[in-house]
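Numbering (our numbering), first residue to last: 20 to 220.
Okay, structure coming up:
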């Protein structure tokens, strides 16, 4: 028989965790001294402890671990649970890779320009919208002094967005658009998004 401390060392877990497993009914001690309350474990219980740790490392909850160990989960259900965990991990890895790509893009910008970019690029899913278009030819565009400035700024933003898309492993898959999110009499408070539909390259 092993004391709870020795058993914890053999199993590479904490004594506190063994007490927690006992309280949940996952791994009960082989013997509890009625006078002192000291827990003792058999060396053969290490196999169950190892399975608990292995299933936890796969991301299963302790409730799921208990059901699996106590044979309350059939083979088909266990296979489904593992496939679900695989899908969750693949999704998390893809998200982490996207974040890593964004970090690398920002590092390249800082190395090239010495500052963080003011414009932020965010990937989000948006619902499909129905668009109607009315076209007409204008005689001129006023005020003439603002047009060239705004046009140059928008060109720079679109070019920057295009570089970001290419640098992060995406490609454009449809028409782009400009969406004004906030419009007021004070032009300094205007907020406009440049939106580009993308997909992995």
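Each residue gets a CB set at the ideal place from its N, CA and C atoms; glycine is no exception.
CB of residue i within 8 Å of CB of residue j, strictly
| i | j | result |
| --- | --- | --- |
| residue 124 | residue 177 | no |
| residue 74 | residue 30 | no |
| residue 37 | residue 43 | no |
| residue 120 | residue 179 | no |
| residue 192 | residue 218 | yes |
| residue 87 | residue 77 | no |
Buried versus exposed, by CB contacts within 10 Å (16 or more), residue i
| i | result |
| --- | --- |
| residue 71 | buried |
| residue 57 | exposed |
| residue 101 | exposed |
| residue 21 | buried |
| residue 63 | exposed |
| residue 99 | exposed |
| residue 210 | exposed |
| residue 145 | exposed |
| residue 113 | exposed |
| residue 27 | buried |
Through-space distance from residue j to residue i, alpha-carbon basis
| i | j | result |
| --- | --- | --- |
| residue 190 | residue 181 | 9 Å |
| residue 48 | residue 103 | 32 Å |
| residue 174 | residue 130 | 22 Å |
| residue 212 | residue 24 | 60 Å |
| residue 40 | residue 53 | 19 Å |
| residue 89 | residue 83 | 10 Å |
| residue 50 | residue 67 | 16 Å |
| residue 208 | residue 201 | 7 Å |
| residue 147 | residue 141 | 18 Å |
| residue 109 | residue 116 | 10 Å |
| residue 216 | residue 195 | 7 Å |
| residue 94 | residue 60 | 30 Å |
| residue 69 | residue 197 | 56 Å |
| residue 199 | residue 107 | 36 Å |
| residue 32 | residue 79 | 17 Å |
| residue 85 | residue 127 | 48 Å |
| residue 122 | residue 185 | 15 Å |
| residue 214 | residue 111 | 25 Å |
| residue 92 | residue 81 | 14 Å |
Start and end residues, alpha helix (DSSP H) containing residue i
| i | result |
| --- | --- |
| residue 40 | 34-43 |
| residue 198 | First-last for residue 198: 196-201, but that is the beta strand (DSSP E), not the alpha helix (DSSP H). |
| residue 73 | 65-76 |
| residue 28 | 23-30 |
Run of the beta strand (DSSP E) containing residue i, from where it starts to where it stops
| i | result |
| --- | --- |
| residue 83 | Taken as a continuous stretch (DSSP letters only), residue 83 belongs to no beta strand (DSSP E), being part of the alpha helix (DSSP H) at 81-88. |
| residue 213 | 210-214 |
| residue 58 | 58-60 |
| residue 219 | 217-219 |
| residue 191 | 189-191 |
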